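Residue numbers (our numbering), protein chains in the order written: chain A, 4 to 561; chain B, 47 to 329.
Each residue gets a CB set at the ideal place from its N, CA and C atoms; glycine is no exception.
Bear in mind the structure is a predicted one, so any value in this text is a computation, not a measurement.
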């Protein structure tokens with residue numbers, strides 16, 4: 004297709020694709036920062052198979068005036084470093100989609116740039132081919148050279164001059180097809196969901212992070228390890244997930260606020276430790292990043308199919324917190340809150356996220372100022388009379404950490420008495436169970452004050468979407484566009500059923516949107532007498548795109 | 047001296063004649079001796095797994111973490127990383143530490159955390175009423191192997207030597223004084239100390255006479271010589287008849303995990319400053 008000059012664009016989507024090893028993720032980030040620099044809010048979805056070199060990776064970068072957290076099912080530009088980037092994404096192309104491509108490797112219609120020739124002239128390595136194509140894109144999208152220069156200066160730490168030269172050659176070879184209007188807004192940090200979780204945990208008082216690598220949360224481990232190079236933070240990667248959670252409990256016993264990160268398979272190994280956390284009342288925060296199961300499933304793709312696993316993991320009954328943030332700001336806020344609450348109530352807490360949130364990138368408006376600080380409970384009183392599990396009105400006992408003066412601190416996974424000594428007596432067993440139950444009740448009361456349900460879309464609409472986790476991004480836009488109410492319970496255990504019911508007053512038709520096949524949120528809601536009228540499911544590992552969900556909702560309503 | 051009673055009021059439920067009494071008595075003496083040396087009792091933490099051995103957590107009046115089956119060492123390692131001033135003792139069983147949690151044992155040796163592991167090796171599962179463990183001899187008739195086991199035991203000392211343990215020793219509940227000295231040496235050792243304790247199970251595998259006839263105190267042995275340690279460890283394979291040496295077989299010095307670990311950490315303590323710095327980089 005010939006490149007024609009178009010109107011000013013208010014919103015734009017760009018797909019950049021190549022093989023693994025081409026640096027597609029970083030290239031996508033540079034494109035995102037071009038828009039960010041011009042005052043747009045950005046979102047990036049990154050799609051990659053489970054391999055190290057080869058295959059086909061792509062990122063979709065979307066920029067808009069408003070806060071966004073989803074991609075569309077069409078793109079305005081394709082930046083193709085391989086043939087697959089053209090061939091595999093025909094469904095995303097519209098009449099006016101422009102393709103910029105490496106003419107040495109890709110056959111397509113659009114703007115071809117002979118990348119190897121330029122790299123050869125600049126004596127640059129193959130991985131710098133991205134810069135060339137990004138330069139061409141900037142020209143095609145009517146982005147000023149100065150914007151690109153400024154972004155490269157911040158985003159490309161190595162061989163900046165060479166990268167700029169290469170980008171300039173791409174820029175000069177392309178021609179302008181449209182003009183993206185710079186907005187007045189200031190650029191925001193662009194961070195991944197994983198980074199938002201890590202920062203939120205730090206905000207909440209994190210002392211230690213322990214994890215065994217597993218997609219999609221490995222990047223939290225990498226991020227924390229990087230933070231620990233300058234910050235006083237203990238980061239450790241032990242032999243397996245069983246060791247991970249037990250180490251977290253050892254750290255917790257010694258007074259260190261600790262979080263761990265994993266995905267479904269690793270969480271399977273952690274469940275016995277999770278139950279020990281419940282019984283021993285040593286707090287731990289688990290970041291559970293869902294991906295497509297069962298078993299190894301699609302390891303680098305998304306899902307929302309571990310809700311009931313998170314709600315029920317571990318033998319026996321104990322109070323637990325489960326929250327599913329849906330974007331970077333919610334992830335920051337709730338990671339901070341969950342760590343604080345886990346320590347106040349001495350329970351395990353699960354941050355239930357998924358690949359879309361973990362590895363997606365978002366413009367981030369720091370919600371720091373709005374985060375309530377949870378006042379900690381008073382510590383125990385040291386001395387020979389100290390009881391680790393002393394009974395109290397709300398079930399919470401004062402904690403102490405060794406060494407405490409003339410104090411014996413006993414924690415125990417067996418049913419125990421107030422001192423932490425094993426017992427098999429029936430009356431003590433029920434007394435201590437009731438102690439834990441009281442903690443759950445107190446926790447429930449406190450949560451009601453923390454806005455555990457997000458309400459959006461069209462207030463007063465009698466049709467509502469209900470969703471959880473990362474689908475909130477797409478649901479927000481669909482609800483706004485179609486005039487529907489949107490309800491997102493962020494907290495899932497204890498479920499804020501009163502708040503959900505209040506939000507749904509006057510709703511005649513309730514549609515649940517979930518990336519699983521069984522309708523796991525709908526099943527949970529049913530336990531509280533909240534009936535869902537229609538379900539929209541997707542379970543192929545890919546997140547809903549905006550137009551796709553709109554069409555599915557329309558289908559339900561017709 | 048605090049004069050703290052080192053035994054809790056918890057009712058002791060070990061069988062009469064159980065080797066655990068000997069280990070408990072030795073530990074009580076050791077803790078008193080440590081206090082005399084100037085170790086504040088508040089700094090001592092005991093981690094136990096699940097099994098008869100683990101009741102030690104209920105019986106000794108010191109800080110304790112009564113963990114789950116096989117999972118003592120990750121807990122103990124983490125405590126030491128969190129606070130290197132703690133004196134961390136671990137009691138584990140042979141089923142606990144050689145079967146369910148073998149991975150952690152190998153990694154504890156590899157990491158050389160300064161903790162002391164006492165394995166109550168009675169070579170049988172007691173609390174689950176008599177099944178074979180990784181150190182039961184070939185042909186052992188347990189409740190899961192009524193016709194006798196069909197696999198040889200492994201030699202935990204060899205595993206520990208191969209995994210990088212810096213203190214490898216064996217004790218026996220039939221020789222309490224030597225056992226006490228060996229554990230004390232392990233606690234004084236600045237690194238991962240491993241002590242396999244041949245413990246008599248009075249109910250399911252009473253090897254009192256067997257051990258009495260074969261154990262001897264290791265003397266004239268160079269503890270710093272790895273090859274000599276391997277030879278000493280292989281003298282008895284936990285299966286065929288052979289003399290059973292007791293005492294320290296290997297001792298060497300290597301930097302501990304916690305020391306290397308704290309050297310590699312940053313020191314910024316202001317959380318807001320760190321968050322701000324990260325966000326600035328990403329704008």
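Residue range of the unbroken alpha helix (DSSP H) whose run includes residue i
| i | result |
| --- | --- |
| residue 155 (chain B) | 148 to 157 |
| residue 129 (chain B) | Looking at the DSSP string, residue 129 (chain B) is not in any alpha helix (DSSP H), and its letter there is neither H nor E. |
| residue 275 (chain B) | 272 to 280 |
| residue 69 (chain B) | 66 to 83 |
| residue 137 (chain A) | 132 to 143 |
| residue 217 (chain A) | From DSSP, residue 217 (chain A) is part of no alpha helix (DSSP H); its letter is neither H nor E. |
C-beta neighbour in chain C for residue i, strict 8 Å
| i | result |
| --- | --- |
| residue 108 (chain B) | Included in the structure are the protein chains A and B, with no chain C among them. |
Residue range of the unbroken beta strand (DSSP E) whose run includes residue i
| i | result |
| --- | --- |
| residue 384 (chain A) | Taken as a continuous stretch (DSSP letters only), residue 384 (chain A) belongs to no beta strand (DSSP E), as it is neither H nor E. |
| residue 163 (chain B) | 162 to 167 |
| residue 415 (chain A) | 413 to 415 |
| residue 104 (chain A) | 101 to 105 |
| residue 50 (chain A) | 44 to 50 |
| residue 242 (chain B) | 239 to 244 |
| residue 115 (chain A) | 114 to 116 |
| residue 296 (chain B) | 290 to 297 |
| residue 325 (chain A) | 324 to 326 |
| residue 264 (chain A) | 261 to 266 |
Residue i versus residue j - alpha carbon distance
| i | j | result |
| --- | --- | --- |
| residue 512 (chain A) | residue 468 (chain A) | 9 Å |
| residue 14 (chain A) | residue 184 (chain A) | 9 Å |
| residue 251 (chain A) | residue 258 (chain B) | 43 Å |
| residue 302 (chain A) | residue 51 (chain A) | 10 Å |
| residue 205 (chain B) | residue 155 (chain B) | 9 Å |
| residue 261 (chain B) | residue 275 (chain A) | 39 Å |
| residue 139 (chain B) | residue 167 (chain B) | 6 Å |
| residue 522 (chain A) | residue 510 (chain A) | 19 Å |
| residue 223 (chain A) | residue 465 (chain A) | 40 Å |
| residue 278 (chain B) | residue 188 (chain B) | 29 Å |
| residue 234 (chain A) | residue 52 (chain B) | 40 Å |
| residue 392 (chain A) | residue 542 (chain A) | 44 Å |
| residue 308 (chain A) | residue 524 (chain A) | 10 Å |
| residue 433 (chain A) | residue 439 (chain A) | 10 Å |
| residue 268 (chain B) | residue 224 (chain B) | 18 Å |
| residue 230 (chain A) | residue 128 (chain A) | 30 Å |
| residue 58 (chain B) | residue 102 (chain B) | 9 Å |
| residue 370 (chain A) | residue 270 (chain A) | 29 Å |
Beta-bridge pairing of residue i - partner residues as DSSP gives them
| i | result |
| --- | --- |
| residue 459 (chain A) | A:489 |
| residue 15 (chain A) | A:66 |
| residue 514 (chain A) | A:468, A:537 |
| residue 366 (chain A) | A:193 |
| residue 138 (chain B) | B:165 |
| residue 303 (chain A) | None, per the DSSP bridge assignment. |
| residue 251 (chain B) | B:247 |
| residue 217 (chain B) | B:243 |
| residue 91 (chain B) | B:109, B:134 |
| residue 356 (chain A) | A:292 |
| residue 20 (chain A) | A:61, A:83 |
Whole-number beta carbon distance between residue j and residue i, since they are thought to touch under 8 Å
| i | j | result |
| --- | --- | --- |
| residue 99 (chain B) | residue 137 (chain B) | 5 Å |
| residue 378 (chain A) | residue 408 (chain A) | Between residue 408 (chain A) and residue 378 (chain A) the Cβ distance is about 25 Å, and since that is not below 8 Å, they are no contact. |
| residue 112 (chain B) | residue 256 (chain A) | That pair is no contact at about 11 Å. |
| residue 242 (chain B) | residue 165 (chain B) | 5 Å |
| residue 253 (chain A) | residue 278 (chain A) | Not confirmed; about 16 Å, so no contact. |
| residue 389 (chain A) | residue 411 (chain A) | 7 Å |
Check: residue i C-beta below 7 Å from any heavy atom of the ligand SAM
| i | result |
| --- | --- |
| residue 123 (chain A) | With respect to the ligand SAM, the structure shown offers nothing to examine, as it has no ligands at all. |
Please determine if the stretch 56 to 76 of chain A and the stretch 34 to 46 of chain A are in contact, where contact requires at least 3 C-beta pairs separated by less than 8 Å. yes
Tell me, please, whether the stretch 286 to 294 of chain A touches the stretch 355 to 362 of chain A by the rule of three or more beta-carbon pairs shorter than 8 Å. yes
How do the stretch 229 to 244 of chain B and the stretch 203 to 215 of chain B stand: do at least 3 beta-carbon pairs fall below 8 Å, yes or no? yes
Segment contact flag, the stretch 52 to 64 of chain A with the stretch 15 to 24 of chain A, C-beta cutoff 8 Å, min 3 pairs: As far as the Cβ criterion goes, the stretch 52 to 64 of chain A touches the stretch 15 to 24 of chain A, which means the pair count is three or higher.
Could you tell me whether the stretch 130 to 146 of chain B touches the stretch 439 to 453 of chain A, where touching means 3 or more Cβ pairs closer than 8 Å? no
Determine, using beta-carbon pairs with one atom in the stretch 452 to 461 of chain A and one in the stretch 280 to 289 of chain A, whether at least three such pairs fall under 8 Å. no
Inter-stretch contact at 8 Å, needing at least 3 Cβ pairs: the stretch 88 to 104 of chain B / the stretch 122 to 136 of chain B: yes
Do the stretch 176 to 190 of chain B and the stretch 277 to 294 of chain B make contact, defined as three or more Cβ pairs closer than 8 Å? yes
Can you find at least 3 beta carbon pairs, one from the stretch 74 to 85 of chain A and one from the stretch 332 to 341 of chain A, that sit closer than 8 Å? no
Would you call the stretch 93 to 107 of chain A and the stretch 153 to 165 of chain A in contact, with 3 or more CB pairs under 8 Å? Two segments are said to touch when three or more pairs of C-beta atoms, one from each, lie closer than 8 Å; by this definition the stretch 93 to 107 of chain A does not touch the stretch 153 to 165 of chain A.
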